[in-house]
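Engineer:
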Amino acid sequence: MAMEKKVTSGDVPVSPFSRLFSLPGLDCFNIVTIGFKNEANPSAFIEGLKNTLINHPRFSSILETGLGEHKAKWIPTKVKVEDHVVVPDIDPTIENPDQFLEDYTSNMVFSPMDMSKPLWEIHLLKMKTSNAESLVVARFHHSLGDGMSLMSLLLACSRKTNDPETLPTLVAPKKKKVTNVCWSLVARFWFIVRLMFHTFVEVFKFLLILCSVRDAGTPLMEKPSATLSPNKFIHRVISLDDVKVVKNAMNMTVNDVIHGMVQAGLSRYLSEKNDSKTNPKLRKSLEKICLRGVVFFNLRSNKKIEDLAEMMAKRSTSRWGNSIGYVMIPLWMRPENDIFEYIRRAKTIMDRKKLSLEPLFSYVLLKLTVEVFGFRALRNLAMRIFGRSTIILSNVVGPSEEISLFEHHISYVAASIYGIPQALIVHITSYVNKAIINLGVDLDVIPYPHHLCDLIVEALHMMKSKAEEISSADSNV
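Residues 1 to 477 in our numbering are what the sequence shown lists, from first letter to last.
1. Just reading off the alpha helix (DSSP H) that Lys205 is part of, what are its end residues?
2. Note down the Cα distance separating Pro399 from Phe21, rounded to an integer number of angstroms.
3. Note the first and the last residue of the continuous alpha helix (DSSP H) segment covering Ser105.
4. Any contact of the stretch 142–154 with the stretch 256–275, i.e. 3+ C-beta pairs under 8 Å?
5. If we require 3 or more residues per run, which beta strand (DSSP E) segments fall completely within the stretch 414–463?
6. Look up Met113 in the DSSP assignment and give the residues it is bridged to.
7. Are at least three pairs of beta-carbons, each pair with one atom in the stretch 55–62 and one in the stretch 439–451, less than 8 Å apart?
8. In whole angstroms, what is the alpha-carbon distance linking Ser134 and Thr105?
9. Could you check how far apart the C-beta atoms of Met250 and Ile343 are, in whole angstroms? I think they sit under 8 Å.
10. Grouping DSSP H, G and I as helix and E and B as strand, with all else coil, what is Met383?
11. Checking 9 Å against the spacing of the C-beta atoms, do Gln480 and Pro230 come in under that value?
12. Within 10 angstroms of its Cβ, does Cys211 collect 16 or more other Cβ (buried), or is it exposed?
13. Let's test the definition: count the other Cβ atoms within 10 Å of the Cβ of Phe297 and tell me whether it reaches 16, buried, or not, exposed.
14. Do the stretch 376–396 and the stretch 411–430 touch if we need at least three Cβ pairs shorter than 8 Å?
15. If contacts are defined as beta-carbon pairs under 8 Å, then Val426 and Ile391 qualify, I think. What distance do you get, rounded to the angstrom?
16. Relative to the C-alpha of Pro359, which candidate in Gly48, Leu195, Glu82 has its C-alpha closest?
17. Look at the Cβ atom of Val254, then the Cβ atom of Ala467, and state whether they are nearer than 9 Å.
18. Does DSSP put Met151 in a helix, a strand or coil?
19. Determine the burial state of Asn438: buried for a count of at least 16 other Cβ atoms within 10 Å of its Cβ, exposed for fewer.
20. Mind checking whether Val81 and Leu53 have CB atoms under 9 Å apart?
21. So the beta strand (DSSP E) Leu124 belongs to, where does it begin and stop?
22. Please tell me whether Ala132 and Tyr418 are closer than 9 Å, where the distance is taken between their beta carbons.
23. Using a Cβ-Cβ cutoff of less than 8 Å, which residues in the same chain neighbour Ser116 once the five nearest sequence positions on both sides are dropped?
24. Which residues mark the beginning and the end of the beta strand (DSSP E) in which Thr33 is found?
25. My assumption, with CB atoms under 8 Å, is that Ala435 sits in contact with Ile31. Please give the rounded CB distance.
26. Exposed or buried, Cys182, counting other C-beta atoms within 10 Å across all chains shown (16 or more means buried)?
27. Out of Cys157, Cys28, Ser356, Val257, state which residue places its alpha-carbon closest to the alpha-carbon of Phe197.
28. What did DSSP end up calling Thr317 once you bin it into helix, strand or coil?
29. How would you call Lys5, buried or exposed, if buried means at least 16 neighbouring beta carbons within 10 angstroms?
30. Could you have a look at His141 and say whether DSSP puts it in helix, strand or coil?
31. How is the beta strand (DSSP E) around Ser404 delimited, first residue to last?
32. Helix, strand or coil: how does DSSP classify Leu26 here?
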């Protein structure tokens, strides 16, 4: 189970984006909940961490930020794993374990992390919920790495359940079909033309948004952006096969379906709020409400989950760390009789974003800002971006096969973040044949997050029913 040791011999400078996630007002943490199919064994888990996690330089170093903005460093240190693992005493006959898990995870937001130690902690919960026999709730500072990095770390520490000595199989990239050379040149030229056009248009709109006013006041944003903060985390396990039924019926991607069902659920949520509110602004037609979401993009040239050793290697195309860009998308909040319209709108928007360099532009913009104007300007720019949007949408592709973590068979993986000034963060993770929806909400803005989650899941069920009707009608023709 030992992972190759890569502890550095000296201090390592902190990258600008890792530094961004530790600035005041943007002190961000990843919250990861992993459900197990068997009872938790703390001693086996601690031993597994000793052989894997602490051999990673970021997880065995202290983040020193008191040396000045441009002198923050990772300082290697000796790690005592037991100081990072918490095993709370939980009553096994607890009345509502699912509610207890939500409260426990949410309370971690208000528990400060000891900055004099490596910035991670593991909580082993020996309790049974509706989706797991036991759980682990992990908290990692976002400066340690983004979602792709953490997912690769999980795979590096895991083994196949059907072969405990074998690492999980990484997803192999699809091989491109060989085509006619002339046609290939024409297609490449046309791709470059479209890329340049969409980049110009999307970057221009991005800059306009930065210079414009923030999103309209809605039930999703009723407090000043500076005071918004997720303080409640809930997750729901749904069938990934249901998503694929809709995907295949519409000949689209899983991401298109996910973005469509989220917007459909939000649209119904706003419609219900508009009916119950007396505020004149909220009684206006939803057609006049302009909402935007921030969607994160993986900027690594290799988009697949990679082996940890490859990510840590120099000049790797899938480097470890925070290699992410972002785009701002308009959210389609109008009531639609055709539930598929939300997916079509999401696909149209995301296809334009994918065929542009807006994610790379946003990354370069932040990097140039910190290099030219310093971290104060970087923080102001980041706060302005989040102040011009309503929600954050993010998703990470997980393992496509059953895996175990230190002899614990994984049932599901849910993830979210906190520390970003947003009232709603929607993060979706896949694992084998499951999709896990995780909502991070500000209860002062969204007091009933379970109802919002119900509406999102219900939107998927409506999409699946219609897709099956279409498939049945086609088969009868």
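Just so you know, even glycine gets a beta-carbon here, dropped at the ideal spot from N, CA and C.
Structural biologist: With the structure as the only source:
1. 181–211
2. 27 Å
3. According to the sequence displayed, residue 105 carries Thr and not Ser. Residues 97–107.
4. no
5. 424–431, 434–441
6. In DSSP, Met113 forms no bridge with anything.
7. no
8. 14 Å
9. 6 Å
10. helix
11. With the chain represented from 1 up to 477, any question about residue 480 goes unanswered, as that position is not in the structure.
12. exposed
13. buried
14. yes
15. 6 Å
16. Leu195
17. no
18. helix
19. buried
20. yes
21. 120–125
22. no
23. Ile62
24. 29–36
25. Their Cβ separation, rounded to whole angstroms, is 18 Å, which puts Ala435 and Ile31 out of contact at 8 Å.
26. exposed
27. Ser356
28. Confidence is the limiting factor: at Thr317 the pLDDT is only 48, short of 50, which leaves the residue's position unreliable and the question unanswerable from this model.
29. Because the pLDDT of Lys5 is 40, which lies under 50, any placement of that residue in the model is unreliable, and the number read from its coordinates should be weighed accordingly. Flag for Lys5 reads exposed.
30. strand
31. 403–405
32. coil
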